[in-house]
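Peer 1:
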Amino acid sequence: MTTLLISDLHLHPGAPEITDGFLRWLEERATGVAALYLLGDFFEAWIGDDLLDLGDADPTGNATLASRVAKALHRLADDGTAIHLMHGNRDFLLGERFASAAGASLLADPAVVELGGERVLLMHGDSLCTRDEAYMAFRAQARHPQWQQQILAMPIQDRLTLAQSLRQQSGEATSNKADDIMDVTPAEVEKVMAEHGVTTLIHGHTHRPAVHELEIDGRPARRLVLGDWRPDQGWEIVVEGGGEPELRAFSL
Numbered sequence: 126m127t128t129l130l131i132s133d134l135h136l137h138p139g140a141p142e143i144t145d146g147f148l149r150w151l152e153e154r155a156t157g158v159a160a161l162y163l164l165g166d167f168f169e170a171w172i173g174d175d176l177l178d179l180g181d182a183d184p185t186g187n188a189t190l191a192s193r194v195a196k197a198l199h200r201l202a203d204d205g206t207a208i209h210l211m212h213g214n215r216d217f218l219l220g221e222r223f224a225s226a227a228g229a230s231l232l233a234d235p236a237v238v239e240l241g242g243e244r245v246l247l248m249h250g251d252s253l254c255t256r257d258e259a260y261m262a263f264r265a266q267a268r269h270p271q272w273q274q275q276i277l278a279m280p281i282q283d284r285l286t287l288a289q290s291l292r293q294q295s296g297e298a299t300s301n302k303a304d305d306i307m308d309v310t311p312a313e314v315e316k317v318m319a320e321h322g323v324t325t326l327i328h329g330h331t332h333r334p335a336v337h338e339l340e341i342d343g344r345p346a347r348r349l350v351l352g353d354w355r356p357d358q359g360w361e362i363v364v365e366g367g368g369e370p371e372l373r374a375f376s377l
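For the sequence shown, the residue numbers in this note's numbering are 126 to 377.
(1) Alpha carbon to alpha carbon, how far is F168 from F147? Give it in angstroms, no decimals.
(2) Name the residue from L151, P141, H332, G367 whose alpha carbon lies nearest to the alpha carbon of H249.
(3) At a cut of 8 Å, does the segment 224-237 reach the segment 199-209 through at least three beta carbon pairs?
(4) Evaluate contact between the segment 336-346 and the segment 181-198, counting only Cβ atoms and requiring at least three cross-stretch pairs below 8 Å.
(5) So, under 8 Å CB-CB, I327 and L247 are touching, yes? Tell me the CB distance rounded to an integer number of Å.
(6) Taking the alpha carbon of R268 as the point to measure from, which residue in G213, D145, E313, A191 has its own alpha carbon closest?
(7) What ranges does the alpha helix (DSSP H) occupy inside the segment 204-248, keeping only unbroken runs of at least 4 residues that lie completely in it?
(8) Do you know whose CA, among D133, A140, T128, L129, lies nearest P356's CA?
(9) Between which two residues does the beta strand (DSSP E) carrying P345 extend?
(10) W360 by DSSP, collapsed to three states: which one?
(11) Exposed or buried, what is T128 when buried is set at 16 or more other beta-carbons lying within 10 Å of its beta-carbon?
(12) Taking C-alpha atoms, which residue in M279, P311, V309, D257 lies nearest to S295?
(13) So E375 is in the beta strand (DSSP E); what residue range does that whole segment cover?
(14) Can you tell which of W360, S252, L176 has the C-alpha that lies nearest to the C-alpha of G220?
(15) Give every residue of the same chain whose Cβ lies closer than 8 Å to the Cβ of E239, excluding the five residues on either side of it in the sequence, and list them in chain order.
(16) Let's test the definition: count the other Cβ atoms within 10 Å of the Cβ of R373 and tell me whether it reaches 16, buried, or not, exposed.
(17) Give the single residue among E338, G241, Q289, A288 whose Cα lies nearest to the Cα of A159.
(18) Could you check where the alpha helix (DSSP H) with E338 kicks off and where it finishes?
(19) On the three-state DSSP scale, how would you describe L326?
(20) Grouping DSSP H, G and I as helix and E and B as strand, with all else coil, what is F168?
(21) Please list the terminal residues of the continuous beta strand (DSSP E) segment that includes T127.
(22) Out of curiosity, what's the CA-to-CA distance linking A262 and F217?
(23) Run through DSSP, which three-state label would A380 get?
(24) Span of the alpha helix (DSSP H) holding R355?
(25) Work out the CA separation of H135 and M279 for me, nearest whole Å.
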């Protein structure tokens with residue numbers, strides 16, 4: 126049986142080519158697979174599951190997009206595919222209601238799962254970027270339950286405005302940071318993999334697709350990094366039966 130892993134689609138109304146490409150990919154590539162793992166930043170932003178209540182009344186189009194995607198995922202789940210959804214740094218407010226609408230289960234970050242007969246560590250990847258101290262401070266705040274409750278208690282329109290402001294601030298901050306600061310910290314990768322007793326790590330977040338060979342506790346190991354989706358290209362990791370994970374790019 127086949128397992129697929131993807132991340133960093135950053136779905137939003139301003140990029141309909143990616144949404145349409147993802148929905149085609151679900152029908153043509155994901156139909157019939159045993160499991161699908163979505164490793165964070167599925168959406169460009171998520172202001173709370175009550176977004177689904179807005180429907181066509183949402184002027185941004187995010188509610189319509191979310192409903193369309195959730196229904197497509199649920200059809201896949203109804204056909205027998207297990208769908209696992211991990212939070213990213215953009216959609217950390219995704220909750221059980223959306224997961225239920227999509228026929229998915231929320232997956233902890235990090236999580237150890239069995240793929241191809243091997244214990245594999247799955248992460249979004251942002252927690253590995255420890256040299257970005259400003260982001261790590263924000264991450265600690267944004268993942269705190271009390272902070273999230275305060276945000277979700279705000280009117281939806283205020284949350285939409287906040288999300289737009291945070292995206293703008295993130296873009297400005299990223300443009301001013303050194304390239305290596307926004308990548309993972311090698312020592313943190315080795316530490317996390319050793320703590321979980323694995324020799325394979327799969328993550329996204331950095332938008333730097335690659336397979337890195339390394340060593341953990343004297344054993345050969347590897348880190349597979351998923352790429353972000355763009356209007357003309359997507360990235361997936363495929364595990365066929367008992368085979369090893371394979372990173373692939375494909376045309377949308």
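Where is the CB? At the ideal position from N, CA and C, for every residue including glycine.
Peer 2: According to the data block:
(1) Their backbone Cα atoms lie some 12 Å apart in a straight line.
(2) H332
(3) In short, these stretches touch, since the Cβ pair count reaches three.
(4) no
(5) With 8 Å as the limit, I327 and L247 qualify as a contact, their Cβ atoms being about 5 Å apart.
(6) G213
(7) 221-226
(8) Ranking the options by Cα distance to P356, first place goes to A140.
(9) 344-350
(10) strand
(11) buried
(12) D257
(13) Glu is not the amino acid found at residue 375; the sequence shown has Phe there. 371-376 is the span of the beta strand (DSSP E), which, as asked, contains F375.
(14) L176
(15) V245
(16) exposed
(17) Nearest option by C-alpha distance: G241.
(18) Element bounds for E338: not the alpha helix (DSSP H) but the beta strand (DSSP E), 335-341.
(19) strand
(20) Strand, per DSSP.
(21) 127-131
(22) The alpha-carbon separation between A262 and F217 amounts to approximately 15 Å.
(23) No information on residue 380 is available, as it lies outside the stretch 126 to 377 that the chain covers here.
(24) From DSSP, R355 is part of no alpha helix (DSSP H); its letter is neither H nor E.
(25) 23 Å
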